[in-house]
Structures are given as structure tokens and as C-alpha cells.
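See structure below.
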Amino acid sequence: MDTRNLDLGLLVTLEALLAERNVTHAARRLNLSQPALSARLARLRNAFGDPLLIPGQRGMVLTQRALELMQPLHEALEGVRRVVEQGTPINPETLRATVVIAASDYVQYALLARYSVALRAEAPMIRIAWRAFDMMALTTQLEHGEVDLALATPEHAPAVMRQRRLYEEEYVVVARQGHPAVRGVLDLDLFCALDHVVVSPQGGGFAGSTDAALEAIGRRRTVALSTSGFLIVPEIVSRSDMIALIPRRIADGWSDRVQVLEPPLLIPGFVIAMVWHERTTNHPAQNWLRDRLAALA
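Per full-length UniProt numbering, residue 1 is the first one in the sequence shown, and the count goes up by one each step.
Written out as C-alpha cells, the structure reads:
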């Protein structure tokens, strides 16, 4: 192919098209009009002698040539960015970037909501996208630049990725205000006697680490309801006589509507860490974004 017809701007356009697989989304990412991006795509197709993106059942599909280009193109452009940005101080007020963060609904509530508001005030031209955390797809998402940062427990993070510990979380018990049996304290007998709501991320589970801790001391509890996420649990508890164990950072947001109590036995908590790909470790903007998140956490 004749590389004289390619310039850096066209290669950046190709990177966006391969990542977004959608002309409209890529145009928005590059702050271009859709006709302007379509014209660039036509030039790229001519230069590579390949359609690169073709219509599929659910939007555009990458051709085999495009798939082969995706990773080496991204790595090459990241190298160019590092050379250009090396040593350049970050000015949050003028920093233009899009950061994609993968996290569970719990982390979105406990940390990302505050982070996004704080970051928007400090760096008003940054765009933030939240994605659901998908452990099975995370390695590919980070490698391809589809996700910049993931927030997860260390054991759920790919071993090949970089990690930085953010905070430790602990569990507390919540019961509704005015509960007929719970009045500010909760002993083990009452804890086991009451109906519980549990969270099963994959759905349908009725046991977890709490049940293992109870079994170790010869006790059991009654699980009446299983749900797939933590955020709905305080609402359920506030409307019923069921109780639940939830992360403290969620319970604190409901302290005016539910009782927040210490568990009557030791329940292991968990750690939240941020996870990223090695290629962005020395990227100035990405590094600054990670530091701001760590400071807030």
C-alpha cells in the first residue's frame, strides 16, 4: 500500500473507528461531523484496499484486515502520544480526554459517583463513561483500549494487569427503622432468627461468606430473598422486616431510613483496587486520572 496517503490524523481516525465500530460514535469521540468522518473512512478504505468496517446484524463489523490492524495501531499511537506528552505538565482545566471505567453497581455508587462529580469540577473537558464490570471480558477490553480503568477486588482482576489498592470495605447489618425486633442492637440469636436478603452477583444464590462464617460456629440463618445487586437491598429492607448485610459505604447513604448495625459475628470484608493495562502506566493523562481517583478513595 502507498503510505504517502496516510497521515497521523487518519490513523487516529482509524483507531477510533476500530474501537467504536460505529461512525456516529467515532465522530463524537473525535469531535468531527459525521460527513467529515465518512470522508476519512473512504480515504482509509482506499489506502488499505479494504472496507475495514462492513454492515452486520448489530451494527458495523470489523473485517479481518481491520482486526489485524487494531492492536498494533493502538500500540503505535500510544507510543506517539507518550513521546509528545512526556514531561508535559497536566493542566486539568484544559485537559481533553475520555476515560472509560468498568465497575460494579456497588463501586459506581460508593466511589464513581463522587469521583465523576469531583473530576468534572476540576477538569471540565473530560468525559467519563461507566461500564458494567465483566470479569470474563476485562482482559480483552483493557488490551484493546475499550476500558481504561477497572475497579474490582484484586482476586477478580487479571493477573497480567497493573493494580493499585484503593480502600478496604466492611459489611454492616441494616434493618428498617421501627423494626419490631431490632432496636439498635443485634445479637447472634436474633440475627439467625430473622429473614435475610442476600446478594448473589450471578443470580439465584442463597449462601455466601456469611453462611460459611455461621457454619464454622455451628449456626445457620434463614435466607428469604436473593438479588443480583446491592443497591436495591436497602429499599427492600426499609419496606419489610427482613435484614441484610451490605457494604458500609452503601448503608451510610441510607442511615436516615434504616438502622445500621454491627454484625454479631466476624464477616470478612473486601478490598477494592483499580486495574489498568501496562501500556497506560506512563501515560500522563491516565496517570493523573488514576492519582485523582486514589486521592478521593
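Idealized CB from N, CA, C, for every residue including glycine. Predicted model, so just to flag it, every value in this text is computed and none were measured.
Test item: CB-CB of residue i and residue j under 9 Å
i    : j    : result
R176 : R257 : yes
Q286 : L149 : yes
M60  : V23  : yes
R96  : M125 : yes
V199 : S228 : yes
L73  : E15  : yes
I267 : Y171 : yes
L245 : H179 : no
A152 : I272 : yes
L214 : L265 : yes
M92  : E122 : Looking at the sequence provided, one finds Pro at residue 92 rather than Met. For P92 and E122, yes; Cβs fall inside 9 Å.
V275 : L138 : yes
Residue i, enclosing beta strand (DSSP E) - first and last residue
i    : result
Y167 : 162-169
T24  : From DSSP, T24 is part of no beta strand (DSSP E) but of the alpha helix (DSSP H) over 23-30.
T281 : Premise fails: T281 is in no beta strand (DSSP E) and is neither H nor E.
Burial state of residue i, where buried means 16 or more other Cβ atoms lie within 10 Å
i    : result
I232 : exposed
G56  : exposed
T94  : exposed
G204 : exposed
M136 : exposed
A36  : exposed
I250 : buried
Q64  : exposed
V99  : buried
T222 : exposed
Heavy atom of the ligand HEM within 8 Å of residue i beta-carbon
i    : result
I250 : By its list of ligands, the structure shown contains no ligand whatsoever, and the ligand HEM lies outside what it can speak to.
Among the options, nearest to residue i - alpha-carbon criterion
i    : options               : result
A103 : A132, E75, P89        : A132
P263 : I243, A216, E278, L41 : I243
L261 : A76, G204, R183       : R183
A294 : L18, A118, R65, L265  : A118
P284 : A47, N46, L6, G79     : G79
F48  : D105, L10, Q141       : L10
E235 : L296, E278, W254      : W254
R45  : F206, Q71, T13        : T13
Terminal residues of the alpha helix (DSSP H) in which residue i lies
i    : result
F270 : Segment 270-276 is the beta strand (DSSP E) holding F270; no alpha helix (DSSP H) there.
S238 : 233-238
P284 : 284-296
A132 : Where A132 is concerned, there is no enclosing alpha helix (DSSP H), although the beta strand (DSSP E) it sits in stretches over 126-132.
- Taking only runs that begin and end inside the region 66-116, name each unbroken beta strand (DSSP E) of 3 or more residues, in chain order. Taking only runs of at least 3 residues, the beta strand (DSSP E) segments lying wholly in the region 66-116 are 97-103.
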